[in-house]
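Residue numbering for the sequence shown follows my numbering, beginning at 325 and increasing consecutively.
First up is the structure itself, then whatever we jot down about it.
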Amino acid sequence: MTQAAPAPTDAPAATDPSAAAPAQAAPAAPTDTAQAPAQTTGQTAQQPAAGGAQVAQVVDSEFATYDKDKNGVLSKAEFGDWMVALKTASDPSTKADAPATKTWVGQAFASADKDKSRTVSKTELTGFLSQGQS
Numbered sequence: 325m326t327q328a329a330p331a332p333t334d335a336p337a338a339t340d341p342s343a344a345a346p347a348q349a350a351p352a353a354p355t356d357t358a359q360a361p362a363q364t365t366g367q368t369a370q371q372p373a374a375g376g377a378q379v380a381q382v383v384d385s386e387f388a389t390y391d392k393d394k395n396g397v398l399s400k401a402e403f404g405d406w407m408v409a410l411k412t413a414s415d416p417s418t419k420a421d422a423p424a425t426k427t428w429v430g431q432a433f434a435s436a437d438k439d440k441s442r443t444v445s446k447t448e449l450t451g452f453l454s455q456g457q458s
């Protein structure tokens with residue numbers, strides 16, 4: 325009922341500058357909406373929503389944690405551990421040994437391994453995790 329209040333309608337000239345403000349507020353909503361789907365995708369998406377530089381920073385700081393053999397690249401198993409950790413953070417019901425998760429990790433690894441070396445470098449991982457923000 326407050327939406328149909330006649331008071332704002334009685335002063336349309338005074339409301340005209342205010343009418344411009346809601347019009348400005350409307351574009352802000354789509355920006356928020358554009359960020360929300362990225363965040364829904366997972367934590368990897370939260371980082372890309374903030375920018376590729378932040379993705380690179382996170383990859384740089386976390387890479388050694390998942391590079392168990394310290395050879396500077398991620399094997400499929402190391403990559404899978406990281407992706408499952410990210411997916412689990414956004415969906416706690418994720419099971420690492422579930423066939424669907426294994427398939428998802430395999431497809432993600434194939435996509436991330438751009439040079440088909442059967443390993444994923446920091447550069448490849450940063451590119452892979454950043455692709456959702458484009």
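For each residue, glycine too, the CB sits at the ideal point set by N, CA and C.
From the DSSP output, read off the bridge partner residues of residue i.
i, result
"residue 444", "398"
Excluding the 5 residues flanking residue i on each side, which residues of the same chain have their C-beta closer than 8 Å to its C-beta?
i, result
"residue 441", "397"
"residue 421", "none"
"residue 393", "399 and 402"
By Cβ distance, which residues of its chain are closer than 7 Å to residue i, with the 5 residues on each side in sequence left out?
i, result
"residue 350", "Caution is warranted here: a pLDDT of 32 is assigned to residue 350, below 50, making its placement in the model unreliable, and no coordinate value can be reported."
Determine the extent of the alpha helix (DSSP H) in which residue i is found, giving its start and end residues.
i, result
"residue 377", "376-390"
"residue 423", "423-436"
Under 6 Å Cβ to Cβ from residue i, same chain only, skipping five residues before and after it: list those, please.
i, result
"residue 403", "433 and 444"
"residue 400", "433"
Between residue i and residue j, what straight-line distance do the alpha-carbon atoms span, to the nearest angstrom?
i, j, result
"residue 425", "residue 406", "12 Å"
"residue 436", "residue 408", "15 Å"
"residue 361", "residue 411", "Its pLDDT being 33, under 50, residue 361 is placed unreliably in this model, and the value from its coordinates should be taken loosely. If I take the Cα positions, the gap works out to 15 Å."
"residue 427", "residue 413", "18 Å"
"residue 386", "residue 447", "13 Å"
"residue 439", "residue 417", "32 Å"
"residue 450", "residue 415", "22 Å"
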